[in-house]
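Q:
Numbering (UniProt numbering), first residue to last: 1 to 483.
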């Protein structure tokens with residue numbers, strides 16, 4: 001019948017419409033999912049590209065050396081860290097991007113309201129004053145309860161928080177600045193007033209280097225997009241992929257010296273396409289060393305601690321440890337490790353150091369040495385004035401990072417590092433960053449604040465015994481009060 005044929009055609013047409021609508025909806029959902037994962041952001045990179053970025057750069061070594069420490073007058077001295085950071089703020093015209101593991105520039109300790117805390121308070125006020133100059137301030141942190149970050153957020157700063165516990169069960173320990181996508185700072189110091197006064201810190205500031213700034217900005221952008229996320233996107237945006245890497249380093253001029261450089265990150269989960277891992281960068285620098293490897297870190301411990309179903313699991317983490325042993329024994333490269341001795345030094349550090357040194361027994365050209373850096377009053381419970389440096393320098397390269405050389409840190413915590421390799425035929429003169437870092441290491445190594453491996457072990461045992469006795473006395477006194 002004509003009526004039934006017409007009705008059948010209408011039903012077929014409706015079914016086609018429903019099918020087309022369903023396909024359109026599926027396509028829209030797919031596009032939304034892709035865009036949410038890729039994060040194609042509206043913010044551009046100020047027209048800076050790998051092709052047009054500046055490669056003629058100036059690098060400055062910055063340090064914080066506590067006033068109580070006294071070195072040889074003829075030893076190397078570098079730009080104070082606080083002065084360097086303030087100079088970066090002087091240069092800022094458009095934007096300041098900061099990643100820091102700590103935010104404690106303004107001390108609340110009544111005993112520290114002296115000059116020692118002034119530098120931090122001054123830097124904090126200068127950050128707040130960027131608004132009056134029309135300079136954008138962006139900050140990434142994993143500390144949502146920070147009163148200083150809340151104060152800056154209330155006064156115009158944009159602050160994003162990364163939930164590292166959900167992402168890696170680690171911490172955000174990255175510490176770097178990107179200013180105007182042109183100048184950068186990277187080093188051991190976080191935004192802590194003690195880092196500008198009482199702690200021994202080291203880093204570098206690189207000026208007029210938009211190539212390097214672009215790459216570090218992409219790491220910042222990656223962190224920036226992790227706010228409110230408990231997962232890492234499986235599809236990466238081009239604006240977080242590496243511009244330069246270990247296999248494709250930036251070729252540049254540093255203080256009129258030909259060099260190559262690239263930025264690395266940790267953990268592996270935070271390494272998008274092309275980005276070199278900190279571990280790979282460290283191993284590459286060790287592998288390329290010909291004469292010596294000098295390492296200065298707070299802690300060195302080739303162990304990974306994790307938990308499985310509530311039970312702790314500890315395993316040996318060999319990548320760096322094996323490379324150092326191979327360099328010393330098979331390639332006859334001199335290895336020196338300068339490690340902090342403080343109240344939280346892990347006792348097993350001494351076991352690993354003793355094991356490494358024992359390898360050279362009977363080998364005439366094998367040299368592995370370990371010393372411990374110890375500041376005044378440190379073992380009486382004070383945790384300041386320790387050596388927070390996190391760098392390695394060899395006869396041809398340097399690595400300046402954010403993380404200690406502990407398996408768990410490199411496996412789970414977020415950090416960044418800068419690798420610089422200078423041209424072999426131009427590594428002469430006081431402007432060479434490799435020579436400056438070598439001089440800084442040797443100054444510390446031969447200073448009166450370092451002690452031998454055996455002395456360090458004895459000192460730590462005595463300190464731990466003293467703390468146990470003190471705790472026992474406190475417990476006894478408290479029990480008497482309650483009698």
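C-beta atoms are modelled at their ideal positions from N, C-alpha and C, and glycine is treated no differently.
Roughly how many angstroms separate the alpha carbons of residue 289 and residue 402, rounded to a whole number?
A: Near 21 angstroms, if we compare the C-alpha coordinates of residue 402 and residue 289.
Q: Only counting the same chain, and skipping five residues up and downstream in sequence, which positions put a Cβ closer than 6 angstroms to that of residue 218?
A: 240.
Q: Distance, Cα to Cα, residue 171 vs residue 75?
A: Distance between the alpha carbons of residue 171 and residue 75 is about 36 angstroms.
Q: I'd like to know whether the C-beta atoms of residue 292 and residue 450 end up nearer to each other than 8 angstroms.
A: Not closer than 8 angstroms, so no.
Q: Skipping 5 residues on each side, what residues in its chain have a beta carbon closer than 8 angstroms to that of residue 126?
A: 86 and 89.
Q: Are residue 168 and residue 267 close, meaning C-beta to C-beta below 8 angstroms?
A: In contact: residue 168 and residue 267 (Cβ atoms closer than 8 angstroms).
Q: Would you kindly report the start and end of the unbroken alpha helix (DSSP H) that includes residue 217?
A: Looking at the DSSP string, the run of the alpha helix (DSSP H) that includes residue 217 is 210 to 224.
Q: From 446, 164, 260 and 174, pick the residue whose C-alpha is nearest to that of residue 211; which is it?
A: The shortest Cα separation from residue 211 among 446, 164, 260 and 174 belongs to 260.
Q: Of all the beta strand (DSSP E) runs that stay within the bounds of the segment 295 to 326, which reach a length of 3 or more residues?
A: Runs of the beta strand (DSSP E) inside the segment 295 to 326: 303 to 308 and 311 to 316.
Q: Just curious, the beta strand (DSSP E) that residue 187 is in, first and last residue?
A: Run containing residue 187: 183 to 187, per the beta strand (DSSP E) assignment.
Q: Rounded to whole angstroms, what is the Cα-Cα separation between residue 392 and residue 282?
A: For residue 392 and residue 282, the distance between alpha carbons rounds to 8 angstroms.
Q: Could you check which residue in 155, 131 and 162 has the C-alpha nearest to that of residue 142?
A: Checking every option, the nearest Cα to that of residue 142 belongs to 162.
Q: Under a Cβ-count criterion, where at least 16 other Cβ atoms within 10 Å of its own Cβ denotes burial, should residue 308 be classed as buried or exposed?
A: Burial call: exposed.
Q: Taking the alpha-carbon of residue 206 as reference, which of 273, 187, 200 and 343 has the nearest alpha-carbon?
A: Nearest of 273, 187, 200 and 343 to residue 206, Cα basis: 187.
Q: Could you spell out where the alpha helix (DSSP H) holding residue 288 opens and where it closes?
A: Run containing residue 288: 278 to 288, per the alpha helix (DSSP H) assignment.
Q: Based on Cα-Cα distance, which residue from 165, 284, 67 and 61 lies nearest to residue 230?
A: Checking every option, the nearest Cα to that of residue 230 belongs to 165.
Q: Of the choices 176, 236 and 78, whose alpha-carbon is the least far from that of residue 100?
A: Checked all of 176, 236 and 78; the closest Cα to residue 100 is 176.
Q: Which parts of the UniProt domain "PLD phosphodiesterase" (383 to 409) are runs of the beta strand (DSSP E), unbroken and 3 residues or longer, counting only runs that do not cross its ends?
A: Correct list: 391 to 394 and 397 to 401.
Q: Assign residue 247 to one of two classes, buried (16 or more other C-beta atoms within 10 Å of its C-beta) or exposed (fewer than that).
A: The residue is exposed, with fewer than 16 neighbouring Cβ atoms inside 10 Å.
Q: On the criterion of 16 or more Cβ atoms from any shown chain inside 10 Å, does residue 277 qualify as buried, or is it exposed?
A: The residue in question, residue 277, is buried, as its Cβ has 16 or more Cβ neighbours within 10 Å.
Q: Restricting to Cα atoms, I'd like to know which of 209, 294, 264 and 274 is closest to residue 252.
A: Nearest C-alpha to residue 252: 209.
Q: Since residue 203 contacts residue 81 with CB under 8 angstroms, what's their CB separation in whole angstroms?
A: Their Cβ separation, rounded to whole angstroms, is 7 angstroms, which keeps residue 203 and residue 81 in contact under 8 angstroms.
Q: So, with DSSP's three-state summary, where would you put residue 93?
A: If DSSP states are grouped into helix, strand and coil, residue 93 belongs with coil.
Q: I need the DSSP call for residue 258, collapsed to helix, strand or coil.
A: Looking at residue 258 - three-state DSSP - the assignment turns out to be strand.
Q: Can you check which of these residues, 94, 372 and 183, is closest to residue 448 by C-alpha distance?
A: Out of 94, 372 and 183, 372 has the C-alpha closest to the C-alpha of residue 448.
Q: Helix or strand or just coil, what does DSSP make of residue 147?
A: Helix, per DSSP.
Q: Within the continuous alpha helix (DSSP H) that includes residue 355, where are the two ends?
A: Looking at the DSSP string, the run of the alpha helix (DSSP H) that includes residue 355 is 348 to 358.
Q: Which same chain residues end up closer than 7 angstroms to residue 103 when comparing Cβ atoms and leaving out the 5 residues on each side of it in sequence?
A: Counting only Cβ-Cβ distances below 7 angstroms, and skipping sequence neighbours, we find 141, 143, 146, 148, 149 and 191.
Q: Express the C-alpha separation of residue 300 and residue 178 in angstroms, rounding to a whole number.
A: Looking at the two C-alpha atoms, the distance is approximately 29 angstroms.
Q: To the nearest angstrom, how far is it from the Cα of residue 418 to the Cα of residue 399?
A: Whole-angstrom Cα-Cα distance: 6 angstroms.
Q: Here's the rule I'm using: 16 or more other beta-carbon atoms within 10 Å means buried, otherwise exposed. How should residue 275 be labelled?
A: When all chains shown are included, residue 275 counts as buried.
Q: Helix, strand or coil for residue 336? Go by DSSP, reduced to three states.
A: In the structure shown, residue 336 sits in a strand (DSSP, three-state: E or B).
Q: So who's on the other strand from residue 160, going by DSSP bridges?
A: 140, per the DSSP bridge assignment.
Q: Please state whether the Cβ-Cβ distance between residue 173 and residue 414 is less than 8 angstroms.
A: Yes.
Q: Could you give the distance in angstroms between the alpha-carbon of residue 270 and the alpha-carbon of residue 348?
A: The alpha-carbon atoms of residue 270 and residue 348 are separated by roughly 29 angstroms.
Q: Measuring CA to CA, which of 134, 339 and 185 is closest to residue 60?
A: When each option's Cα is compared against that of residue 60, the closest is 185.
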